[in-house]
Amino acid sequence: MENRIKIFNTLTRQVETFVPNVDGKVAMYTCGPTVYHFAHIGNLRSYIMEDVLEKTLRYAGYDVKRVMNITDVGHLSSDADTGEDKMLKGAKREHKTVMEIARFYTDAFFADCEKLNIKRPDVVEPATNCIDEFIHMIEVLIDKGYAYVAGDNVYFDTSKLKDYYVFSSQSEKELMVGVRDDVDEDTNKRNKSDFVLWFTKSKFDNQELKWDSPWGVGYPGWHIECSCISMKHLGEYMDIHCGGVDNIFPHHTNEIAQSESYTGHKWCNYWFHVHHLNDKSGKMSKSKGEFLTVSLLEEKGYNPLVYRMFCLQSHYRKPLEFSYEVMDNVAIAYDKLLKSVAKLKDEGEVDEAKFREYKDKFLDAVGNDMNTSMGITVLYELLKADMNDKTKLALVKSFDEVLSLDLTKGVSEETDSGVDAELEKYILEKIEERKAAKKEKNFAKADEIRNELLEKGIVLEDTREGVKWKKA
RNA sequence: GGCGACAUAGCCAAGUGGUAAGGCAUGGGUCUGCAACACCCUGAUCAUCAGUUCAAAUCUGAUUGUCGCCUCCA
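With numbering that gives the first Met the number 0, letter number 252 in the first sequence gets 251, and the count goes up by one each step, no holes.
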């Protein structure tokens, strides 16, 4: 098939035409969440943009298989956390195990994704399901001479590679060890950039999850899981690997080191990295500033899809600054968008030529390194364009396969406004009463009725189609 | 200290060599008893400096600013 999708490849640092290993098929992998806490909306930005990438590929006609890991092993029982982890503490108080915590936050993660219309990947695999695979890969790496045992841990020897720093022109000499306060230098390592494949000596004494291994009871290093899980489901050749920019080094760098040493050949051709969501003070994090979750946005009255649109209006390779001011902007824009879609009449015949023309236009926008902002512009153009409603509606539905903003849902939900039948009956009576008053030009009474309803939290609007009401 | 990204109107943002899309807000108007809705009109020479070119927001160099990564944070 024709390859017309372009994406920025971190490996080459340029926008390239995407060509999969197998024509028409895409093997795609996403670094999933570490499930020790709720995801904040910055985490979710990555998943939204990766979702758009997946859907764009499908929209272009590719058969996509997407795999995601769930990191449910690692630092779960660390007490070094900053004390912000109230849910974990709460769970501990309730005598929950780490696995229960993992399950809870895995579910919470996918619940958030659902609210944001993020499709669940075809395969979701928790790390703790694949311990045997990890051990096997580590054994092979030791056999091949890429790994060594020191101080009861297994390390990957980065000096065995010609080009360890595949993503940048960094050098080991310039690497600073322990830039972060909470990281100590590990004296077992032969090279500064070596990393752990298997721990038996943890700095977290109370590590709850442990497995038997040829090197003693312990647990896997962080990077091994993505290599193994992706190969388990996608084989030794992959097309696209996604994640947040902070994963570039060391996580993805190490994944490549292990995977390619293990297989002996090139592993993944395209690396897709989403930039961070910032707040005024910089990178959003769980321990700093307001802990912004999807639920919090909902509490503040925002439809989660407004946040999705907020992300789509920007570009994934640009840092994006979150603010309620912009959210308010987008909320209004989203509302107007839904309204103008709702006005479209589902009548007539779809104009196939126009349909194809705009579908192409949209794909060219979104397929050009995920220019989602341009995609939304095509949507606006479409709504203003000279064509019948049926065609417009068909196109809006089509675009929404990628945008996933529930653009056509708003139409039918108009009637369900969340008030009980009794109140609704009362409102309808009042509207009739007001109508009569207006007919008699008794505007004082009409306004009085409107104010009365307003006090009950009901807003009246006189539209061209008649009186409409909604909850304030 | 090293590596990297980004810098366009009040805000979000497109643009990858030929004289600045779109959205929200603002202001003006049409409509309607008023309000709201809807619709129409309304705005920037692109961080700074220098260079390449007939021509630069778009290429090159320097400067400034913001942000990120440098071992488990998307």
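Glycine is no exception: its CB is placed at the ideal position from the N, C-alpha and C atoms.
Keep in mind the model is a prediction, meaning the values are calculated, not measured.
Within 10 angstroms of the Cβ of residue i, are there 16 or more other Cβ atoms? Answer buried if so, exposed if not.
| i | result |
| --- | --- |
| THR16 | exposed |
| TYR379 | exposed |
| GLU224 | buried |
| SER411 | With a pLDDT of 46 at SER411, under the threshold of 50, the modelled position of this residue cannot be trusted, and the question is left open. |
| PHE321 | buried |
| HIS272 | buried |
| THR462 | exposed |
| ASN268 | buried |
| SER167 | exposed |
| LEU336 | buried |
| ASN450 | exposed |
| PHE442 | exposed |
| ALA352 | exposed |
| GLY150 | exposed |
| ARG119 | exposed |
| ILE1 | Residue identity check: residue 1 is Glu in the sequence provided, not Ile. Looking at its Cβ environment, which holds fewer than 16 other Cβ atoms inside 10 Å, GLU1 is exposed. |
| GLU460 | exposed |
| LYS438 | exposed |
| LYS455 | exposed |
| ASN246 | buried |
| GLY243 | buried |
| ALA101 | buried |
| LEU319 | buried |
Please list the terminal residues of the continuous beta strand (DSSP E) segment that includes residue i.
| i | result |
| --- | --- |
| PRO303 | Taken as a continuous stretch (DSSP letters only), PRO303 belongs to no beta strand (DSSP E), being part of the alpha helix (DSSP H) at 303-311. |
| GLU15 | 13-16 |
| PHE198 | 194-198 |
| TYR472 | This structure leaves residue 472 out entirely; the chain is present only between 0 and 471. |
| ILE117 | Neither: ILE117 is in no beta strand (DSSP E) and is coded neither H nor E. |
| VAL153 | 152-155 |
| PHE7 | 5-8 |
Report the partner residues of residue i according to the DSSP bridge assignment.
| i | result |
| --- | --- |
| ILE69 | PRO125 |
| GLU320 | ASN277 |
| MET27 | ARG65, ILE239 |
| TRP270 | HIS240 |
| GLY465 | THR462 |
| ASN246 | Answer is none; ASN246 lacks a bridge partner. |
| PRO219 | TRP197 |
| TRP210 | GLY217 |
| THR33 | THR70 |
| ILE457 | LYS470 |
| LYS391 | DSSP, once it has assigned bridges, lists no residue as partnering LYS391. |
| ASN367 | LYS5 |
| LYS282 | ASN277 |
With residue i and residue j assumed to form a contact (beta carbons below 8 Å), what rounded beta-carbon distance in angstroms separates them?
| i | j | result |
| --- | --- | --- |
| MET373 | ALA384 | Wrong, their Cβ atoms sit about 16 Å apart, outside the cutoff. |
| ASP399 | THR407 | 7 Å |
| ILE47 | ARG307 | 6 Å |
| TYR323 | LEU304 | Actually they are not in contact, since the Cβ atoms of TYR323 and LEU304 sit about 16 Å apart, beyond 8 Å. |
| VAL34 | ASP71 | 6 Å |
| GLU298 | ILE228 | Contact flag wrong, Cβ pair sits at about 35 Å. |
| LEU452 | LYS434 | Wrong, their Cβ atoms sit about 13 Å apart, outside the cutoff. |
| THR127 | MET67 | With a Cβ gap of about 15 Å, THR127 and MET67 do not count as contacting. |
| LYS64 | SER403 | LYS64 to SER403, Cβ: 19 Å. No contact. |
| LEU115 | LEU52 | Contact doesn't hold; Cβ gap of about 15 Å is too wide. |
Locate the alpha helix (DSSP H) running through residue i, then write down its first and last residues.
| i | result |
| --- | --- |
| ILE137 | 130-142 |
| ASN54 | One detail in the question is off: residue 54 reads as Lys in this sequence, not Asn. Here the alpha helix (DSSP H) through LYS54 covers 40-58. |
| ARG189 | No alpha helix (DSSP H) contains ARG189, which DSSP labels as neither H nor E. |
| LEU381 | 371-383 |
| ASN295 | Before going further, note that residue 295 is Leu rather than Asn in the sequence given. Note, LEU295: alpha helix (DSSP H), 293-298. |
| ASN253 | 252-262 |
What do you reckon, is the C-beta of residue i under 7 Å from a heavy atom of the ligand NAP?
| i | result |
| --- | --- |
| HIS240 | Among the components modelled here there is no ligand, and therefore nothing to report on the ligand NAP. |
Unbroken stretches of the alpha helix (DSSP H), 4 residues or longer, contained in the stretch 397-443: 409-412, 420-438
Length at least 4, wholly inside the stretch 323-363: the alpha helix (DSSP H) runs in chain order: 323-341
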